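See below for the structure under consideration.
Residue numbers (the working numbering), protein chains in the order written: chain Y, 9 to 119; chain L, 203 to 315.
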């Protein structure tokens, strides 16, 4: 069965203090790994798709990377508006329509 | 139009009521999804429709009944729900390609009394 584990569960940063979130996964064959941002009471907002080990994608202060066993979401010089829950999800080869989500990392950036 | 809309935003219902949640997208996506999300938990897949046909049912109780009347609309009919069904219900859509990026609506916050 797919396993997606995110760490840390919660992270508190000062504005400008860079850090990384981790997503470890075990699937029989990875078709895609997705990062989403979710604000309280709202639907997840799509950030990135990563397809293969070694791939990197960037968007503003966020950079996502992928290895064969994990993905990192690097946040550079975060601002308070980056506060949210960041969700990682995987699709495996046999069920391309099914996203399996990790439990998320709740990020709080203080001014 | 690049968004998924859901109505209503909030719904309170009794255990004997019948209600429906509605989802709409105009991105030309041919896959649509229903997820359930409890507080501080990740979204859990309930149903998937591909080309307006039900392709995945994640063993959801029959008190939840999905319907896809056309390629832009997705409904979730609710009947005889239990208080533990209270949650945020999320709709998503995606192109039918693999891997596919799913785009989520804002959700309907459901409370069952």
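The beta carbon of each residue, even a glycine, is placed where N, CA and C say it ideally should be.
Since the structure is predicted, the reported quantities are computational estimates derived from the model, not experimental observations.
Inter-stretch contact at 8 Å, needing at least 3 Cβ pairs: the stretch 221-240 of chain L / the stretch 284-302 of chain L:
Verdict: yes, contact present.
Counting pairs of beta carbons, one from the stretch 272-281 of chain L and one from the stretch 88-95 of chain Y, are three or more of them closer than 8 Å?
No contact exists between the stretch 272-281 of chain L and the stretch 88-95 of chain Y.
Per DSSP, what kind of secondary structure is residue 260 of chain L in: helix, strand or coil?
The answer is coil: DSSP assigns residue 260 of chain L none of H, G, I, E or B.
Unbroken beta strand (DSSP E) run spanning residue 222 of chain L, endpoints:
Judged by DSSP secondary structure, residue 222 of chain L falls within the beta strand (DSSP E) whose first and last residues are 220-227.
Strictly below 7 Å CB to CB, what residues from chain L border residue 95 of chain Y?
The answer, in chain order, is 244.
By DSSP, does residue 25 of chain Y sit in helix, in strand, or in coil?
Residue state for residue 25 of chain Y is assigned as coil, using DSSP reduced to three classes.
Please state if the CB of residue 110 of chain Y and the CB of residue 311 of chain L are separated by a distance shorter than 8 Å.
Against a cut-off of 8 Å, the Cβ pair of residue 110 of chain Y and residue 311 of chain L comes out as no contact.
Secondary structure at residue 285 of chain L, three-state DSSP: helix, strand or coil?
The three-state secondary structure of residue 285 of chain L, taken from DSSP, is helix.
Out of L/302, L/315, L/288, L/269, which one is the CA nearest neighbour of residue 309 of chain L?
In terms of CA proximity to residue 309 of chain L, L/288 leads the group L/302, L/315, L/288, L/269.
Determine the direct distance from the alpha carbon of residue 293 of chain L to that of residue 255 of chain L, and round the result to whole angstroms.
Each residue's Cα considered, the two are about 16 Å apart.
If you measure beta-carbon to beta-carbon, which residues of the stretch 283-314 of chain L are closer than 9 Å to chain Y?
Along the stretch 283-314 of chain L, going in chain order, the ones with a CB nearer than 9 Å to a CB of chain Y are 290, 292, 293, 294, 296, 298, 299, 300, 301, 302, 303, 304, 305, 306, 307, 308, 309, 311.
Any residues in the stretch 48-59 of chain Y with a beta carbon nearer than 8 Å to a beta carbon of chain L? Which ones, in chain order?
Residues passing the 8 Å Cβ filter: 49, 50, 51, 52, 53, 54, 57, 59.
Cβ of residue 264 of chain L less than 8 Å from any chain Y Cβ?
Judged by the 8 Å Cβ criterion, residue 264 of chain L is not in contact with chain Y.
What residue from L/252, L/307, L/261 has the CA that sits closest to residue 270 of chain L's CA?
Closest in C-alpha terms to residue 270 of chain L, from the list L/252, L/307, L/261, comes L/252.
Could you check which residue in Y/35, Y/78, Y/52 has the C-alpha nearest to that of residue 29 of chain Y?
Out of Y/35, Y/78, Y/52, the CA that lies nearest to the CA of residue 29 of chain Y is found in Y/78.
Rounded to the nearest angstrom, how far is the Cβ of residue 55 of chain Y from that of residue 45 of chain Y, given a contact under 8 Å?
Right, the Cβ-Cβ distance comes to about 6 Å (below 8 Å), so this counts as a contact.
Where does the unbroken beta strand (DSSP E) through residue 39 of chain Y begin, and where does it stop?
From DSSP, the beta strand (DSSP E) with residue 39 of chain Y extends over 38-46.
Residue 167 of chain L versus residue 24 of chain Y: straight-line alpha-carbon distance, rounded
Because chain L in this structure spans residues 203 to 315, residue 167 of chain L falls outside the shown range and cannot be described.
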